Each structure stands twice: as structure tokens, then as C-alpha cells.
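S.K.: Please see the structure below; I have some questions.
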Amino acid sequence: MDDLNGTIDPRCLGDRPLTMEVINYLSVFGITLYTILTFMTLVSIIVFLEMCVYIYKKVPYPKKTNIVWVIGAAPVISTMCCLGLWIPRATLFTDMTSNSYFAIVIYKFLILLFEECGGEEAFLRYSEKKTIKVSTGPCCCCCPCLPPVSITRRLLFLLKLGSLQYAILKTVFSIFSIALWANGNFDVSTLSIYGTALWINLFVGVLTIIGLWPIGIMFMHVRDSLRPLKIMPKYAMYQLVFVLSQLQAAIINILAVNGVIACSPPFSSVARGSTFSQQLMIVELFVITLVTRMLYRRIYEPVNLDPHENDNEMNVKIRLCPNSVEEHTA
């Protein structure tokens with residue numbers, strides 16, 4: 004009836020509700036749902052801590068540090084979603100924390116690819132006199148005419164710099180956005196060209212594309228060599244976390260801003276969209292955390308990048324101990 008009379012519930016135009024308002028609003032189904040989602044988050048944290056203990060015992064430095072950063076993406080973002088679910092007015096802070104953490108994960112995943120190859124020196128020896136394809140996503144996948152580039156230390160530096168700039172600048176812009184929000188100049192619910200939120204998000208989007216490009220280049224080069232380490236599903240999990248935490252959340256927010264997601268007091272359209280996004284991500288990231296545990300909780304052995312290395316070692320053994328080799332083959 005209110006819609007027919009052209010009136011809107013004033014609670015739909017207000018700020019995000021307080022925690023006690025959310026609790027008083029929840030029905031039995033809502034309380035059950037929130038309890039299950041909180042339990043999933045706690046299980047994700049426990050699984051993550053168990054993996055950290057295992058990796059720090061079994062994996063040498065510095066690889067273990069990079070692995071812990073990467074496997075922490077799903078549980079950390081899930082924890083921030085759970086906090087935003089119970090404390091809606093903290094959503095801006097939880098979202099900025101999640102985005103800043105994942106920006107660091109992008110850089111750490113690139114370094115992990117080098118570490119899985121045995122380090123930069125081993126990678127350079129493996130890639131000596133080889134070229135690398137740069138026409139990969141998300142930046143230049145539509146430019147197949149780009150010539151391959153020789154692999155040098157300078158190229159590795161540029162690749163690391165491309166991802167590192169996103170890790171640093173994303174954190175800087177997150178802090179800057181919070182400062183603008185406190186001053187009343189940053190509102191994620193408006194898409195006006197005169198608003199700072201739109202321009203900051205567009206600029207960060209460009210930085211994101213640049214930051215993801217080096218990982219795409221590196222992954223396409225080493226995916227066959229690192230196949231025994233299940234690098235394909237690991238890369239898929241990393242990409243899935245990015246899609247869910249960045250693209251899915253952005254799409255739901257745009258739908259909420261445009262009124263596609265209806266208001267449900269005490270939640271406005273934007274607040275309800277954020278809540279719906281957080282609930283989805285907690286479930287999705289819980290599954291990703293369990294899959295990640297199966298992929299990373301294993302015995303880490305050095306990878307043989309040179310397919311002829313084993314043959315050379317066997318030839319040396321034959322020259323040094325011909326009798327023992329003959330007895331072994333007999």
C-alpha cells in the first residue's frame with residue numbers, strides 16, 4: 004500500500020542498522036542462518052590455523068610465508084564478511100580490509116610461482132634462451148600479435164613490480180577512501196560522476212588489471228612444468244576467490260544501488276545487498292577453504308624443471324659406478 008501511495012518506509016532511507024537492531028529483526032530462520040554462517044566462519048579459521056601449523060613445520064622459508072598468505076585469502080575474507088554481517092555499519096571497513104589483503108595475496112601468489120620453480124635463480128636457469136608470451140589476460144588477451152619477450156632479470160623485476168604496485172596502491176586508496184568517508188565525501192551507494200567513489204573505483208580497477216597481468220603471464224609459462232604440484236587447481240582457487248570477492252560483490256552492489264534488490268526494513272537496498280553478498284561469500288569461501296586445504300597440505304618436494312636433468316644424473320652414475328648400475332638393472 005505504501006508503494007501505491009508513493010511513500011517509502013523512512014527506514015529504507017536511513018543508515019545501516021545497528022547490531023541490536025539486526026538481532027531484534029531476525030526471525031527464527033534468520034537466527035539459524037546467522038548461526039550457521041558464523042559456525043562456517045569459525046571452522047574456516049580453525050582449518051586455516053591448522054594448515055599454518057603444518058606448513059610452518061614442513062615447508063622451508065621463504066616459501067612457507069607466501070603459502071600462508073595465499074591460503075589465508077578465503078578465511079580472512081570470510082571472517083570480514085561475518086563481521087560485516089553482524090555489524091552492518093562496519094561493512095566499509097571490512098570490505099576495505101578484505102580488498103587490501105587480497106591485493107597482497109596477488110603479489111604473494113606471483114612470488115609463490117617463482118618459489119615453486121625453486122626460486123628466481125632456478126627459474127632463470129630453466130628459462131635461459133627461452134621467451135615468454137605476454138598476450139595473456141586480463142590485459143592483453145585480445146592482442147595475440149604481441150611478440151614473445153626474452154626472459155631476463157629485468158623482465159622478472161617488471162612482473163613483480165606490476166603486482167606489487169597493486170598491493171601498495173590498493174591499501175593506500177583503501178585508507179584514503181575511509182578518510183574521505185569519515186569526512187562525508189565517499190559514498191559507495193552513489194554512482195554519480197561527481198562522486199569520489201566512482202573515480203577511485205575506476206582507477207583501482209585499472210590497477211587491478213595491471214596487477215593481475217603478470218600472474219597470467221607467469222602462469223601460462225610454468226603451468227606445464229608445475230602440473231605435478233597441482234598448480235592448475237591452485238590457480239583456479241585463487242581466481243575464484245578474486246571473482247567472488249571482487250566481481251560478485253561489485254555486481255550485487257550495483258544492483259542494490261539501482262534498486263533491483265528491494266528494501267527490507269531495517270535494511271535499505273544497499274545494506275540488504277551487502278548482507279546478501281556477505282552471506283553468499285561465507286558459504287562459497289567455506290568450500291574454497293576446504294578445497295585449498297587438500298591442495299596445499301602436502302609434502303613439498305623440489306620440482307625438476309629440466310626434463311633432461313634426471314638423464315644427466317643417471318649418466319654420471321653409470322660412469323662412476325658401472326657395476327652397481329648393471330647389478331641394479333639385472
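First residue of the sequence shown? That's 4 in our numbering, and the numbers climb one at a time after it. Ideal Cβ positions, reconstructed from N, Cα and C, are used throughout, including at glycine. These numbers were taken from a predicted model, which means no experiment stands behind them.
1) With residue 163 as the anchor, note down where its alpha helix (DSSP H) starts and where it stops.
2) Inspect the beta-carbon positions of residue 244 and residue 77 and report whether they are closer than 8 Å.
3) Tell me which residues share the same chain as residue 88 and place their Cβ nearer than 6 Å to its Cβ, disregarding the 5 neighbours each side in the sequence.
4) What residues match up with residue 218 in a beta bridge as DSSP calls it?
5) On the three-state DSSP scale, how would you describe residue 153?
6) For the alpha helix (DSSP H) holding residue 277, just list the boundary residues, first then last.
7) Check residue 134 in the structure and name its three-state DSSP category.
8) Just to confirm, are residue 105 and residue 292 a CB contact at a threshold of 8 Å?
9) Between which residues of its own chain and residue 20 is the CB-CB distance below 6 Å, once the five residues before and five after are set aside?
10) Quick one: measure Cβ to Cβ for residue 234 and residue 226, integer angstroms, because I've assumed they're closer than 8 Å.
11) DSSP beta-bridge partners for residue 267?
12) Please state whether DSSP places residue 84 in a helix, a strand or coil.
13) Cα separation between residue 109 and residue 218?
14) State the DSSP-derived secondary structure class of residue 36, mapped to helix, strand or coil.
15) Rounded to whole angstroms, what's the CA-CA distance from residue 272 to residue 136? Just pull it up for me.
M.R.: The structure says:
1) Looking up residue 163 in the sequence shown gives position 160. 156-185 is the extent of the alpha helix (DSSP H) around residue 163.
2) Mapped onto the sequence shown, residue 244 falls at position 241. Mapped onto the sequence shown, residue 77 falls at position 74. Contact: yes.
3) Residue 88 sits at position 85 when you count from the first residue of the sequence shown. Here the set comprises 281.
4) Reading the sequence shown from its first residue, position 215 is the one you call residue 218. Its beta-bridge partners do not exist; DSSP assigns none.
5) Position 150 of the sequence shown, counted from the start, is the residue given in the question as residue 153. Strand at residue 153.
6) Translated into the one-based positions of the sequence shown, residue 277 becomes position 274. From DSSP, the alpha helix (DSSP H) with residue 277 extends over 272-299.
7) Looking up residue 134 in the sequence shown gives position 131. Strand, per DSSP.
8) The residue you call residue 105 lines up with position 102 of the sequence shown. The residue you call residue 292 lines up with position 289 of the sequence shown. Not closer than 8 Å, so no.
9) Here the question's residue 20 lines up with position 17 in the sequence shown. Result list for residue 20: 91, 269, in chain order.
10) Your numbering for residue 234 matches position 231 in the sequence shown. Your numbering for residue 226 matches position 223 in the sequence shown. About 6 Å separates the two Cβ atoms, so the contact holds.
11) Counting from 1 along the sequence shown, the entry for residue 267 is found at position 264. Residue 267 pairs with 270.
12) Residue 84 sits at position 81 when you count from the first residue of the sequence shown. Three-state result, residue 84: helix.
13) As a working note, residue 109 is residue 106 in the sequence shown. As a working note, residue 218 is residue 215 in the sequence shown. Looking at the two C-alpha atoms, the distance is approximately 8 Å.
14) Counting from 1 along the sequence shown, the entry for residue 36 is found at position 33. Note: residue 36 maps to helix in three-state DSSP.
15) Within the sequence shown, residue 272 is the residue found at index 269, counting from 1. Within the sequence shown, residue 136 is the residue found at index 133, counting from 1. C-alpha separation (whole angstroms): 45 Å.
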